[in-house]
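Q:
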Amino acid sequence: MSDLTVKFKIRRQNPEVPGKDKPYWQEFTLTGVDPTDRVLEMLHRIKWEQDGTLSLRRSCAHGVCGSDAMRINGVNALACKVLVQDVGNEIMVEPILGLPVIKDLIVDMEPFFEHYRSVMPYFITNDPKPADGRERLQTQDDKDKFDDTTKCILCACCTTSCPSYWANGKYVGPAAIVQAHRFIFDTRDHGTQERLNILAEENGVWRCRTIYNCTPACPREIQVTKAIGEVKLAIQRGKREGIVRVVHAHQH
Amino acid sequence: MASLVMTIRETLRYRGAIGQWSWVLHRLSGLGVVLFLVLHVIDTSWAVFFPGLYEEAIASYQSPLFTIGEFILVACVIYHAFNGLRIVIFDFRPDLWRFQAKAALYVLGATVVVLIPVFLGMIGHVLAHYGEEGVFVLSLDKVIAGQLPFLAGFVVAIIAALVIGGAWNAVTGGEETTVSAKQSGSKLERFWWSFMRVSGLLIIPLVFGHLALMHIIQGVFDLTLSGATVAGVATTGSALSNGVLTDIMSTNMASILNGLNDTGTATEFVLERWNFLVGGIALWRIYDILLLILVSLHGFNGLRYVLTDYSMKSPMLRKSAIALTVIGGITLVVVGGLALLTSVEADAIHTAQESICEINPEHADWCSEFVVTSD
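Protein chains in written order, with the numbering used here: chain G, 1223 to 1474; chain C, 1145 to 1519.
1) Say whether chain C places a C-beta atom closer than 7 Å to the C-beta of N1236 of chain G.
2) Starting from G1254 of chain G, follow the beta strand (DSSP E) in both directions and report where the run begins and ends.
3) Mind checking Y1387 of chain G: buried by the 16 CB within 10 Å criterion, or exposed?
4) Can you name the residues of chain G whose CB is closer than 9 Å to the CB of S1330 of chain C?
5) Pop quiz: L1226 of chain G and P1257 of chain G are said to be a contact at Cβ under 8 Å. What is the actual Cβ separation, rounded to whole angstroms?
6) Output the boundary residues of the alpha helix (DSSP H) element that contains K1454 of chain G.
7) Tell me, to the nearest whole angstrom, how far the beta carbon of W1167 of chain C is from that of I1433 of chain G; I am working on the premise that it is less than 8 Å.
8) How about P1238 of chain C: is its C-beta nearer than 7 Å to some C-beta of chain G?
9) Using 8 Å as the cut-off, can you tell me whether the stretch 1212-1225 of chain C makes contact with the stretch 1255-1268 of chain C, which would need three or more C-beta pairs spanning the two stretches below that distance?
10) Quick one: grab the DSSP three-state call for V1315 of chain G.
11) Under three-state DSSP, which class holds D1519 of chain C?
12) For H1474 of chain G, count neighbouring Cβ atoms within 10 angstroms of its own Cβ and tell me buried if that reaches 16, exposed if not.
13) What residues match up with F1230 of chain G in a beta bridge as DSSP calls it?
14) If we define contact as Cβ-Cβ less than 7 Å, is E1452 of chain G a contact residue for chain C?
15) Whole alpha helix (DSSP H) runs in the stretch 1226-1271 of chain C with 4 or more residues, listed along the chain?
16) Considering only C-alpha positions, which residue in the set G:V1315, G:D1411 and G:V1466 is nearest to E1249 of chain G?
17) So the candidates are C:I1202, C:T1316 and C:G1174; which of them puts its Cα closest to the Cα of L1282 of chain C?
18) Could you tell me which residues DSSP puts in a beta bridge with V1149 of chain C?
19) For D1366 of chain C, does the count of other Cβ atoms within 10 angstroms reach 16, so buried, or fall short, so exposed?
20) K1325 of chain G by DSSP, collapsed to three states: which one?
21) Report the three-state DSSP secondary structure of I1433 of chain G (helix, strand or coil).
22) Once you ignore the five residues that flank K1392 of chain G on each side, which residues in its own chain have a CB closer than 7 Å to its CB?
23) Just the C-alpha distance for A1389 of chain G and E1333 of chain C, rounded to the nearest angstrom, thanks.
24) Distance check for L1461 of chain C and I1471 of chain C, CA to CA, integer angstroms please.
25) In whole angstroms, what is the alpha-carbon distance linking D1273 of chain G and I1294 of chain G?
26) Is the stretch 1266-1282 of chain G touching the stretch 1353-1371 of chain G in the sense that three or more CB pairs, one from each, lie closer than 8 Å?
27) Enumerated in chain order, which unbroken segments of the alpha helix (DSSP H) with a length of 4 residues or greater are wholly contained in the stretch 1388-1421 of chain G?
28) The stretch 1151-1163 of chain C: which residues have C-beta closer than 7 Å to a C-beta of chain G, in chain order?
29) Considering only their Cβ atoms, is the gap separating D1239 of chain C from K1448 of chain G smaller than 7 Å?
30) Just to confirm, are V1450 of chain C and R1171 of chain C a CB contact at a threshold of 7 Å?
31) Which value, in whole angstroms, describes the spacing of the CA atoms of Q1291 of chain C and V1422 of chain C?
32) Below 7 Å CB to CB, which residues in the same chain sit around V1304 of chain G once its five sequence neighbours on both sides are set aside?
33) Within the continuous beta strand (DSSP E) that includes T1294 of chain G, where are the two ends?
34) For G1481 of chain C, tell me which candidate among C:H1442, C:V1185 and C:A1225 has the shortest Cα-Cα distance.
35) Leaving out five residues on either side along the sequence, give the residues of the same chain with a beta carbon under 7 Å from the beta carbon of V1228 of chain G.
36) Within 7 Å of any Cβ in chain C, is that where the Cβ of W1247 of chain G sits?
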């Protein structure tokens, strides 16, 4: 049943065009919309049928690459994962907040990735390679401790939903802490203390005020605030053991 | 400033869940309590240092403007305490996060449930006060004029903080950086994070006890009731005679401190409490010192969190914000602490009597005598 009419209100900005260099709202009306259409498809239709200058970033369009994060009806989400029926037929779209806008819905992700790199988001070990040259094995229980935070796709939905980050772009932000969590609680990794030291700084985990905007913003349903809380406790106790409580999904 | 305005605007625009509003209320209630704390600690220390000024402060506290403020203050303290408990629980059990939204609702519900009897009690005091014959109300312009020294003090503190922040920045220089691998791990922030939680838990019983005594059982209006029993102090004697009252300087403290507010001065009320001994220990002084230190550090570190959240773009402003909170915290602990550790002579009450009779000559029978003698 493709018979809905949907009104879009889009926050636009083009620094290269005089008169459009300040943010402004533009409205578009789409007809023949199906309730199960995705917001990303609607934005495509606007770009292809009505205004070719509308700029947005997307790649896989299936919630995996994390490039189409935007604020839809006041909440951060991936445009490719939000259906029209989820948000109604008046849809407000704006760029995610806290990163410089390049054009329309496209933001400069570099400050975000700078925070990501600052927590050393890679495997650090002094152990020799396993004898068979293959995987470094660990128990399922050990894996469960950071399983959730391996799901991050670096879309920035969480970081740009955080009032602490809006106020202070030097705060490392939820996504970088999630990425740090993934390695801090990996028993095979030897960089834990270094990462905990980095995140113990004023602009590390302590800027988190447990507002909980980040958790529902995550399109991968990562328990973001929980992960941040666990990193705080690890810093507090100076160790990673005995902090993450795992609900046992796997029976042995 | 720009980041503060933007954050306020976007917090209103972002459709965050209840956790976001809990955070907003926690900040606002905290700021409200810190503001009153500054007035209250400095005013109360006047009971020891400048008894005359203390009587003026209490007359202000008994005026409608401060009565409204008192209701807001009590609501702020109770909300901040309950929501603080919620924060502590989920900080130490992050895995329970699924219950945080429900907990935020419980916090609001519990605040309302507790506030109903508390407000009823407080309204009872207000009604009783205004029901009295010849009730005295300090005029609004005098109340406001009484707060102007605080305003001046705030301006001086802010200027001092900006100067210190500027000098500090000139010496150390440099942008505040984001986290980096060069950092060796800040023990300071870790300490304050724990301190906020531990002090918060300790403050809750102390501040609730304080509120119960000073705002519910005995309201601020009862501080200046002649002959009334002082809350939390055992009565040991009978009221002093009028002759002694007008000549209180020749009377020793032991005969004044009998658990009854003989002179009906707020100063005597404070001294009755502070000099009340249990087994040789000044119980209320210890109680108030504990409360003072914990609340001052908790409040001003909270203020530092709020101010630095919005001033990270300017290293100089950030340092000034830190300087301001250090100045504020130290001032309160020192001024309040000195008052709490000072022993007082009987002429303090004499000065208070003079002052209270100047503010309201109808206050007591002995005022007529007083005004004549002091003229």
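Each residue gets a CB set at the ideal place from its N, CA and C atoms; glycine is no exception. All figures in this text were calculated on a predicted structure; none of them were measured in a lab.
A: By the coordinates alone:
1) For the purposes of this step, residue 1236 of chain G is identified with residue 14 of the first sequence, where counting begins at 1. No, because no Cβ of chain C sits closer than 7 Å to the Cβ of N1236 of chain G.
2) Position 32 of the first sequence, counted from the first residue, corresponds to residue 1254 of chain G. Where G1254 of chain G is concerned, the enclosing beta strand (DSSP E) stretches over Y1246 to V1255.
3) Sequence index remark: in the first sequence, residue 1387 of chain G carries index 165 (1-based). It is buried - the Cβ of Y1387 of chain G has at least 16 other Cβ atoms within 10 Å.
4) Reading the second sequence from its first residue, position 186 is the one you call residue 1330 of chain C. Within chain G, the residues near S1330 of chain C are N1419, A1422, E1423, E1424, G1426 and W1428.
5) In the first sequence, counting from the first residue as 1, residue 1226 of chain G sits at position 4. In the first sequence, counting from the first residue as 1, residue 1257 of chain G sits at position 35. Yes, they are in contact, since the Cβ atoms of L1226 of chain G and P1257 of chain G sit about 6 Å apart, within 8 Å.
6) Along the first sequence, one-based indexing puts residue 1454 of chain G at 232. That run of the alpha helix (DSSP H) goes V1446 to R1459.
7) Here residue 1167 of chain C refers to the residue found at position 23 when the second sequence is read from its first residue. Here residue 1433 of chain G refers to the residue found at position 211 when the first sequence is read from its first residue. Indeed, because the Cβ distance is near 4 Å, the residues count as touching under 8 Å.
8) Here residue 1238 of chain C refers to the residue found at position 94 when the second sequence is read from its first residue. At least one chain G Cβ lies under 7 Å of P1238 of chain C.
9) Cβ pair count under 8 Å is three or more, so yes.
10) Reading the first sequence from its first residue, position 93 is the one you call residue 1315 of chain G. In this structure, V1315 of chain G counts as strand in the three-state DSSP scheme.
11) As a working mapping, residue 1519 of chain C is identified with position 375 in the second sequence. In this predicted model, D1519 of chain C has a pLDDT of only 43, less than 50, meaning its place in the structure is not dependable; the value taken from the coordinates is given anyway. Residue state, collapsed to three classes: coil.
12) Counted from its first residue, the first sequence places residue 1474 of chain G at position 252. Note that H1474 of chain G scores 48 on pLDDT, short of 50, meaning its location in the model is unreliable; the coordinates nonetheless yield the value given after this. Counting the other Cβ atoms within 10 Å of the Cβ of H1474 of chain G gives fewer than 16, which makes it exposed.
13) Translated into the one-based positions of the first sequence, residue 1230 of chain G becomes position 8. Beta-bridge pairing links F1230 of chain G to G:F1250 and G:I1313.
14) Here residue 1452 of chain G refers to the residue found at position 230 when the first sequence is read from its first residue. It does; some Cβ of chain C falls within 7 Å.
15) Within the stretch 1226-1271 of chain C, not a single complete alpha helix (DSSP H) segment reaches 4 residues in length.
16) Against the first sequence, residue 1249 of chain G aligns to sequence position 27. The option with the nearest alpha carbon to E1249 of chain G is G:V1315.
17) Here residue 1282 of chain C is taken as the residue at index 138 of the second sequence, counted from 1. Out of C:I1202, C:T1316 and C:G1174, C:I1202 has the C-alpha closest to the C-alpha of L1282 of chain C.
18) Counting from one through the second sequence, the residue named residue 1149 of chain C turns up at place 5. By DSSP's assignment, V1149 of chain C forms no beta bridge with any residue.
19) In the second sequence, residue 1366 of chain C corresponds to position 222, counting from 1. Under this definition D1366 of chain C is a buried residue.
20) Within the first sequence, the letter at position 103 stands for residue 1325 of chain G. Look at K1325 of chain G here: in three-state DSSP terms it is strand.
21) Counting from one through the first sequence, the residue named residue 1433 of chain G turns up at place 211. Coil at I1433 of chain G, not helix or strand.
22) As a working note, residue 1392 of chain G is residue 170 in the first sequence. Correct list, in chain order: N1425.
23) Sequence index remark: in the first sequence, residue 1389 of chain G carries index 167 (1-based). Sequence index remark: in the second sequence, residue 1333 of chain C carries index 189 (1-based). Here the alpha carbons of E1333 of chain C and A1389 of chain G stand approximately 19 Å from one another.
24) Position 327 of the second sequence holds residue 1471 of chain C. Position 317 of the second sequence holds residue 1461 of chain C. Their Cα atoms are separated by approximately 15 Å.
25) To locate residue 1273 of chain G, count along the first sequence from 1; it is residue 51. To locate residue 1294 of chain G, count along the first sequence from 1; it is residue 72. If you draw a straight line from the Cα of D1273 of chain G to the Cα of I1294 of chain G, it is about 19 Å long.
26) Segments in contact, no.
27) Those alpha helix (DSSP H) runs which fall completely within the stretch 1388-1421 of chain G and span 4+ residues are 1395-1406 and 1414-1421.
28) Only T1151, E1154, T1155, R1157, Y1158, R1159, G1160, A1161 and G1163 from the stretch 1151-1163 of chain C bring a Cβ to less than 7 Å from some Cβ of chain G.
29) On the first sequence, position 226 is the one that residue 1448 of chain G refers to. On the second sequence, position 95 is the one that residue 1239 of chain C refers to. Yes, these two residues count as a Cβ contact at 7 Å.
30) Locating residue 1450 of chain C in the second sequence gives position 306, counting from the first residue. Locating residue 1171 of chain C in the second sequence gives position 27, counting from the first residue. Their beta carbons are under 7 Å apart, which means V1450 of chain C touches R1171 of chain C by this criterion.
31) In the second sequence, the residue the question calls residue 1291 of chain C occupies position 147. In the second sequence, the residue the question calls residue 1422 of chain C occupies position 278. Within the model, the alpha-carbon separation for Q1291 of chain C versus V1422 of chain C is close to 36 Å.
32) Position 82 of the first sequence holds residue 1304 of chain G. Listed in chain order, the non-local C-beta contacts of V1304 of chain G below 7 Å within the same chain comprise R1260, V1261 and I1294, local neighbours out to five positions each way being set aside.
33) As a working note, residue 1294 of chain G is residue 72 in the first sequence. Here residue 1294 of chain G turns out to be Ile, not Thr, going by the sequence shown. A1291 to I1294 is the span of the beta strand (DSSP E), which, as asked, contains I1294 of chain G.
34) Looking up residue 1481 of chain C in the second sequence gives position 337. When the alpha-carbon of G1481 of chain C is set against those of C:H1442, C:V1185 and C:A1225, the nearest one is in C:V1185.
35) Locating residue 1228 of chain G in the first sequence gives position 6, counting from the first residue. For V1228 of chain G, the CB contacts under 7 Å within the same chain, skipping 5 residues up- and downstream, are L1252, V1255, M1264, V1306, N1311 and I1313 in chain order.
36) Translated into the one-based positions of the first sequence, residue 1247 of chain G becomes position 25. So no, W1247 of chain G is outside the interface.
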